[in-house]
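Asker: If you scroll down you'll find the structure; I have some questions about it.
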């Protein structure tokens with residue numbers, strides 16, 4: 015018998031039904047998944063007060079009762095729900111440790127959105143989770159539909175940005191999985207940014223650098239063919255394959271806005287050493303410009 019999917023929802027201290035919870039509920043209805051509500055918290059003032067006699071254990075037990083009551087309402091609506099309260103700092107490390115323990119199919123978290131600027135507002139905490147969460151992470155903005163109706167998968171068919179080759183497969187597999195679950199249209203998009211290819215005479219003779227458009231078109235053709243081959247490999251219809259020209263963060267954001275994309279599925283690469291704090295320039299800039307939900311695949 016197949017294992018039931020498990021969706022881990024990071025709930026706010028206010029224990030309100032936010033967009034992330036509504037998304038988890040809608041997905042759980044479609045997939046018969048189990049939901050685990052996780053409340054993570056730490057307050058340095060309360061930790062200090064414990065030394066002076068504050069009953070921190072009693073406080074946390076009260077929070078557990080409140081969360082359990084919150085979960086009970088969902089159970090009465092037919093959902094299978096667990097509830098856990100976690101206390102400690104740093105919060106990101108606590109969350110990641112719990113993700114490692116539970117191995118959920120999906121982590122779902124709310125993010126803020128600045129409607130006037132048409133972009134998501136990601137905190138440092140959000141970026142830490144994007145960098146290190148080992149399972150798919152869905153960031154849901156306020157007011158999102160319960161289920162997305164249009165999904166965009168951002169791929170790099172030639173693997174030019176030091177991404178592992180299998181990441182395209184993970185992105186497409188994840189996009190198709192949740193696209194089918196939600197009954198959403200899935201578009202696969204690749205942004206081609208031509209480098210300033212120059213004639214060797216100009217390079218060695220000190221003349222002006224001018225692009226060799228013939229070479230640029232040849233390189234673009236390689237990218238287009240690679241995208242088409244990727245689509246065939248994963249059964250994506252040609253009409254849902256899109257080759258965009260220009261700076262990736264700009265054209266991907268523009269596509270998402272024009273096609274009213276609800277959810278962007280893209281990859282992030284774990285790095286070690288000096289690069290461990292970086293998601294990659296394209297990912298960083300794209301996250302800061304999008305005004306729709308994001309599903310990040312490691």
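In this note's numbering, the protein residues as written are 15 to 312. C-beta: ideal position from N, C-alpha, C; glycine also. None of these values were measured; they are calculated from a predicted model.
Which residue wins for smallest C-alpha separation from residue 135, given the options 309, 90, 301?
Answerer: Within the chain shown, residue 135 is the residue found at index 121, counting from 1. When only C-alpha atoms are compared, the closest one is 301.
Asker: Buried or exposed, going by whether 16 or more other CB atoms sit within 10 Å of the CB of residue 260?
Answerer: In the chain shown, the residue the question calls residue 260 occupies position 246. Per the 10 Å Cβ criterion, exposed.
Asker: Grouping DSSP H, G and I as helix and E and B as strand, with all else coil, what is residue 242?
Answerer: For the purposes of this step, residue 242 is taken as the residue at position 228 of the chain shown. Helix.
Asker: Under a Cβ-count criterion, where at least 16 other Cβ atoms within 10 Å of its own Cβ denotes burial, should residue 23 be classed as buried or exposed?
Answerer: The count along the chain shown starts at 1 and reaches residue 23 at position 9. Residue 23 comes out buried.
Asker: Would you mind listing the beta strand (DSSP E) stretches within the stretch 108–152 that are 3+ residues and don't spill past its ends, in chain order?
Answerer: List check, beta strand (DSSP E) in window: 120–124, 126–128, 133–135.
Asker: Restricting to Cα atoms, I'd like to know which of 54, 92, 72, 68 is closest to residue 40.
Answerer: Position 26 of the chain shown holds residue 40. Per the Cα distances, 92.
Asker: Helix, strand or coil for residue 206, going by three-state DSSP, please let me know.
Answerer: Looking up residue 206 in the chain shown gives position 192. In the structure shown, residue 206 sits in a strand (DSSP, three-state: E or B).
Asker: Which residues mark the beginning and the end of the alpha helix (DSSP H) in which residue 10 is found?
Answerer: In this structure the chain extends from 15 to 312, so residue 10 is not present and cannot be described.
Asker: Could you name the residues that DSSP lists as bridge partners for residue 55?
Answerer: One-based indexing of the chain shown puts residue 55 at position 41. In the DSSP output, where bridge partners are listed per residue, residue 55 has 101.
Asker: Near residue 27, which residues of its chain fall below 8 angstroms by C-beta distance, leaving aside the five closest residues on each side in sequence?
Answerer: As a first step, residue 27 must be located in the chain shown, where it is residue number 13. Once the five neighbours on either side are set aside, the close Cβ partners of residue 27 are 53, 55.
Asker: Leaving out five residues before and five after residue 233 in sequence, what residues of the same chain have Cβ atoms less than 7 angstroms from its Cβ?
Answerer: Numbered from its first residue, the chain shown carries residue 233 at position 219. Around residue 233: 208.
Asker: Which residue marks the beginning of the alpha helix (DSSP H) containing residue 265, and which one marks its end?
Answerer: As a first step, residue 265 must be located in the chain shown, where it is residue number 251. That run of the alpha helix (DSSP H) goes 262–272.
Asker: How is residue 199 classed by DSSP in three states: helix, strand or coil?
Answerer: The residue given as residue 199 occupies position 185 in the chain shown. Here residue 199 sits in strand by DSSP.
Asker: Could you have a look at residue 83 and say whether DSSP puts it in helix, strand or coil?
Answerer: Taking the chain shown and counting its residues from 1, the one referred to as residue 83 is at position 69. Correct three-state label for residue 83: helix.
Asker: Just the C-alpha distance for residue 246 and residue 255, rounded to the nearest angstrom, thanks.
Answerer: Position 232 of the chain shown, counting from 1, holds the residue named residue 246. Position 241 of the chain shown, counting from 1, holds the residue named residue 255. Going by the C-alpha atoms only, they are around 10 angstroms apart.
Asker: Just the C-alpha distance for residue 272 and residue 241, rounded to the nearest angstrom, thanks.
Answerer: Locating residue 272 in the chain shown gives position 258, counting from the first residue. Locating residue 241 in the chain shown gives position 227, counting from the first residue. Cα-Cα distance, rounded: 21 angstroms.
Asker: For the beta strand (DSSP E) containing residue 168, list its first residue and its last residue.
Answerer: Within the chain shown, residue 168 is the residue found at index 154, counting from 1. 164–168 is the span of the beta strand (DSSP E), which, as asked, contains residue 168.
Asker: Tell me whether residue 289 is buried or exposed, calling it buried when 16 or more other Cβ atoms sit within 10 Å of its Cβ.
Answerer: For the purposes of this step, residue 289 is identified with residue 275 of the chain shown, where counting begins at 1. Low confidence applies to residue 289: its pLDDT is 49, below 50, so where it sits in the model is not reliable, and the reading given next is rough at best. Exposed, since its Cβ has fewer than 16 Cβ neighbours within 10 Å.
Asker: Where residue 112 and residue 122 are concerned, what is the direct C-alpha to C-alpha distance, given to the nearest angstrom?
Answerer: Within the chain shown, the letter at position 98 stands for residue 112. Within the chain shown, the letter at position 108 stands for residue 122. Straight-line Cα distance between these residues: approximately 14 angstroms.
Asker: Per DSSP, what are the beta-bridge partners of residue 256 in this structure?
Answerer: Counting from one through the chain shown, the residue named residue 256 turns up at place 242. DSSP lists 203 as partners of residue 256.
Asker: On the three-state DSSP scale, how would you describe residue 281?
Answerer: Numbered from its first residue, the chain shown carries residue 281 at position 267. Three-state result, residue 281: strand.
Asker: With distances taken from CA atoms, which of 230, 199, 270 is nearest residue 253?
Answerer: As a first step, residue 253 is located in the chain shown; it is residue number 239 there, counting from the start. With distances taken between Cα atoms, residue 253 lies closest to 199.
Asker: Count the other CB atoms, across all protein chains shown, that sit within 10 Å of the CB of residue 216; report buried if there are 16 or more and exposed otherwise.
Answerer: Position 202 of the chain shown, counted from the start, is the residue given in the question as residue 216. With a pLDDT of 46 at residue 216, under the threshold of 50, the modelled position of that residue is not reliable, and no figure is offered here.
Asker: Can you find the residues in the same chain that come closer than 8 angstroms, C-beta to C-beta, to residue 276, ignoring five residues on each side of it along the sequence?
Answerer: Residue numbering aside, residue 276 sits at position 262 when the chain shown is read from its first letter. Only 158, 159, 162, 163, 164, 165, 198, 306, 307 meet the Cβ criterion.
Asker: At the level of alpha carbons, what is the spacing between residue 79 and residue 189?
Answerer: On the chain shown, position 65 is the one that residue 79 refers to. On the chain shown, position 175 is the one that residue 189 refers to. Those two C-alpha atoms are separated by around 37 angstroms.
Asker: Specify the secondary structure class of residue 94 as computed by DSSP and reduced to three states.
Answerer: In the chain shown, the residue the question calls residue 94 occupies position 80. Strand, per DSSP.
Asker: According to DSSP, is residue 211 part of a helix, a strand, or is it coil?
Answerer: On the chain shown, residue 211 is found 197 positions in, with the first residue counted as 1. With a pLDDT of only 42 at residue 211, under 50, the local geometry of the prediction cannot be trusted, and no value is derived from it.
Asker: Which of the three DSSP states is assigned to residue 21 in this structure?
Answerer: Residue numbering aside, residue 21 sits at position 7 when the chain shown is read from its first letter. Residue 21 falls in the strand class under three-state DSSP.
Asker: Could you check if residue 53 belongs to the surroundings of the ligand GDP, using beta carbon to heavy atom distance under 7 angstroms?
Answerer: Ligands in the displayed structure: none, and consequently the ligand GDP is not present.
Asker: Got a sec? Which residues, its chain only, sit under 7 angstroms from residue 103 by beta carbon, not counting five neighbours each side?
Answerer: For the purposes of this step, residue 103 is taken as residue 89 along the chain shown, with counting starting at 1. Cβ neighbours of residue 103 beyond the five flanking positions: 56.
Asker: For residue 95, count neighbouring Cβ atoms within 10 angstroms of its own Cβ and tell me buried if that reaches 16, exposed if not.
Answerer: On the chain shown, residue 95 is found 81 positions in, with the first residue counted as 1. Per the 10 Å Cβ criterion, buried.
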